[in-house]
Structure formats: C-alpha cells, structure tokens
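If you read the sequence shown in my numbering, its first letter stands for residue 117, the second for the next number, and so on.
Quick reminder that beta carbons are idealized off the backbone N, C-alpha and C, glycines included.
To keep things clear, I will list the structure first and then write my remarks on it.
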Amino acid sequence: MNPNTGPTLQDFGHDPLWLSIIKAVFIFVLLMLGVLFGVWTERKLISRMQHRYGPNRAGKFGLLQSVADGLKMGLKEDITPRTVDKIVYLLAPVIIAVPAFLSFSVMPFGPMVSIFGVKTPLQLTDLPVAVLLVLAMASIGVYGIVLAGWGSRSPYAILGGLRSSAQVVSYEIAMGLSFVAVFLAAGTLSTSEIVAKQAGGGTWDVFGLSIPQPSWYAISLLPSFLIYAITMLGETNRVPFDLPEGEGELVGGFHTEYSSSLKFAMFMLGEYINVFTVSGIAITLFLGGWRAPWPISIWEGANTGWWPMLWFLIKLVVVFGFFVWVRASLPRVRYDQLMAFGWKVLIPLNLAWILLYATLKALRMPEANRAFILTLGAIIVVGGLAIWLRFDTLLQRRREAKAAQIEEEFEQLREEPEAGGFPVPPLDLPHYHGVVPARQASTAVKEVTSGSN
C-alpha cells in the first residue's frame, strides 16, 4: 500500500471478525446520528431561509426535537388497515431501509490506520465492482416503495408506487451513465481505487508557467458531475422530483396508509440514509473522496491518520446542504416534465458526453489509429444528427397536425355549439331580447288574475 494513494483492493479481506463488527456498528451509529442531526439541520436551514425560527423548544437550539419525534413515532399506536396485504405491507419499510445501510459498506472514509494495533483501511469492505453494488442497492430500495403502494390496496398509494418505479428507472439510467466517464478515467469500479486516482492532477504549461490541474473528477469530468447532481435528486425522491409522495394530488403517496408509527419512521429513515448514500458517492467519485481539499492539502499530514475522516464528513455536510438549499428554492415539477427531462435531456446528453470523452481518451493513446478514430467519430456524429433531425421533423409535423386538428374543432364548435357532444343550449333565445313566449305570458296572466281575486 502506497501511503500517498491510500488502500487498494489487496488491503481488504484481512480484518479479524471483531474489527469488521466494530466498523459495521460505527457505520450504523454514524448513519443514525446523521439522520437525527440531518432532520434538525434541514428544518433549521429552511426556516432561516423562510425567515422562521424552526425547532427551538426541545433542548438547546431545538437539538432534541428529532429525538422527540423519533420516540413519538416509536411509541405511537400502530394502526393497520384491514384490507392491506399484511406480509407485503410490513416488509415494504424494511426493504427500503436495509439496502440504504448496506450501500455505505463500500464507502471509503480514510486511508490505512491502526485500530487496537491492527492496520486496516477506514472502510468496511471494497469490491472490484463496488459502485455497481451501490446501484444495485438503490434499485432494490425502490421495490420497497412499489410494494408499499401495492400492499396498501389504496389508489393513492398505488399511484405513488407506480410513479416512483417509473421515476427511479428513468433517473437510475442517467445516473449509471454519468459514472461511465469516471470508470473510463479511473480504469476501475472500486471505490478505494477511484479515490486513489484523484490523488493528484497533472500540470498545464502556459507561457513557461506550470499550472497544476485539479485532480477531482468533478472538474475534469464536469458534465458527468452536473448530470449526477441532478439525478441524485430524482433518485432520492427529493424536491423538485418528489412526485411519488406529492401531497397535493396523492395525499401522502406510497405511504398514505402508514400511520405515523415505527413503519412510517422506517420510510423517513430510508429516505435520509439514501440522501447520505448518494452524497457519499458524489464525494467518492467526483470530489476526491476522503482527501483534503485545497489549500488544506498543502499540509503534508492532511491525508494521513484520522484527519481524512474529518474531511469526508465536512464534504458530506456540504453536499447535504445542497439538498436542503434545492428543497427551499425550487418548486415541484409536473410528472410529464420529470419524465421528459430524464429521457429526452439527461440520457441523450450523457450518451453524447460518453462518446466524446471516449474518443478523446482513445486519441491520447500512443498506439491509437487517429484517422480511424476520427472517421468513426465523424460517422457517429453525422448519424446522430440525422436521427435527431428525422425525429425532430416528425415531431414538428405531428405538432402542426395536432394544432390544425384543434383549430378545426374550435371552428366547428363556433358554428355548431352542440357539435361538441355536450347538451349546449342555444345562446340566442327569445327572452334574451325581451320577447316572452306565449305560454309563459299566459301563465303570468293567470297568476296575476288569481292574485287579484
């Protein structure tokens, strides 16, 4: 193990059982405390942005408010509707929460350290395909939302579950594609080795000056980072993409039939831990992992010992603050806008960026056949433009035909109001002009005569 690059895959799998248990318990406690303080931080930040005080009664600065809410939900009466599928209904919260904990097992917190005399990396485990494990756990988590809607046997809950399944599939594709450029740059899917690849950047020589280039993939792979920053909001069902639980149209979405008890708390727990998971992935893949940012990195001891864990947690707080800032700033989008943005914008942009980056990387290889690569790239670009123009022309024709059809229908309704299929009364009746029909006039005369008698 090189102390300048951190642990590698060969450094894992040698820990004694008691040390692995200590690491697992540490991750569990860290995430539970993170949820407690995350809820408080989010409520405080949003209240300040909206000129409110936020929680300020339970404990100093309201720090015990989250503890009180957790105790309340744990002790409240658990009400189960009679018509639910009980097995699915009870399993859904567990399926949401457990994969969120498992994803953090491959998250690197720091380099090699000594714990009770044993040299070990500050990471529970690592795999050659560790990033794929995180994506797999995120995919399993959505089953909890779908099953919660299905098991509740409620139309609002089922709609929320269906929304979530479509949304997560859409945004997980874009999220997975945003990782491809990182895999190409790092040459590995191991989280610890991806962090090691961000240990140092190159230099850029301009007018005799050697300007150091940033080593973080968030800068060198900026399009991938920006797309991931958007998709992690959609992946975690956070504002502005919190359509599965839109209270305006679905009451509470997939958890409508779950009372504010321990099962409801499991949903909230899973949501916040998923936020920490995608934040940790953003830090690991794009923000240098546990390595100190500049100018702290100038200090030689910044990336040794236990200090890197502090830098990782600070970055985690900053990324979580981004989630809170977006929630307080942006409104919820419509569902059709959500799906169109995922399929028509993020995925095509991702594919185009991957092709461009792969071409540039291939051109930098010394043994590369540049003429062949450029010719192939030109064919792909021309083919992509032709396909885009073809589909754009078809869509334009369909829009024009639809607009002409609507205009024709309106013109027909102007001439024949009853042609729309509705019982529209004629709008030019005699009494509009002061003319009283003969039958009504005779009735009025009878009423006046009888009244005078």
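- Along the length of the stretch 259-321, whole alpha helix (DSSP H) runs at least 4 residues long occupy 271-302 and 307-313, reported in chain order.
- By the C-beta density criterion, ALA517 is exposed, having fewer than 16 other C-beta atoms within 10 angstroms.
- According to the DSSP assignment, GLY226 belongs to the beta strand (DSSP E) that extends over 226-231.
- When C-beta atoms of the stretch 334-348 are compared with those of the stretch 278-295, three or more pairs fall below 8 Å, so the two segments count as touching.
- Taking 8 Å as the upper bound for CB-CB distance, ARG354 and ARG450 are not in contact here, some 16 Å apart.
- Using a Cβ distance threshold of 7 Å, ILE470 and ALA478 do not count as a contacting pair.
- For LEU446, the closest alpha carbon among the candidates MET165, SER221 and PHE299 is that of MET165.
- Judged by DSSP in its simplified three-state form, VAL155 adopts helix.
- Spatial neighbours of LEU263 in its own chain (CB-CB distance under 7 Å, excluding positions within 5 residues in sequence) are listed in chain order as VAL204, LEU207, ALA208 and ILE211.
- Three or more beta-carbon pairs separated by less than 8 Å are not found between the stretch 177-193 and the stretch 224-235, which leaves the two stretches without contact.
- Scanning ILE399, PHE225, LEU300 and GLN512 for the CA closest to the CA of ALA140 turns up PHE225.
- Residue range 234-238 is occupied by the beta strand (DSSP E) that includes LYS235.
- Leaving aside the five residues that flank SER281 on each side, the residues in its chain whose CB is nearer than 8 Å to its CB run, in chain order, VAL258, ILE261 and VAL262.
- If you look at TYR333, you'll find it in the alpha helix (DSSP H) that goes 333-336.
- Per the Cβ contact rule, the stretch 148-164 is in contact with the stretch 384-399 (3 or more Cβ pairs under 8 Å).
- For the 7 Å CB-CB criterion, VAL433 and SER395 do not form a contact.
- Between the C-alpha atoms of ASN466 and ALA290 there is a straight-line separation of about 7 Å.
- Counting C-beta atoms within 10 angstroms of its own C-beta, PRO215 has 16 or more neighbours from the protein chains shown and is therefore classed as buried.
- If you look at MET425, you'll find it in the alpha helix (DSSP H) that goes 423-445.
- Between ALA315 and ARG407 the beta-carbon gap is near 7 Å, inside 8 Å, which marks them as a contact.
- Taking one beta carbon from each stretch, the stretch 184-202 and the stretch 267-275 have 3 or more pairs nearer than 8 Å; the two touch.
- A direct Cα-Cα distance of roughly 14 Å separates GLY186 from GLY386.
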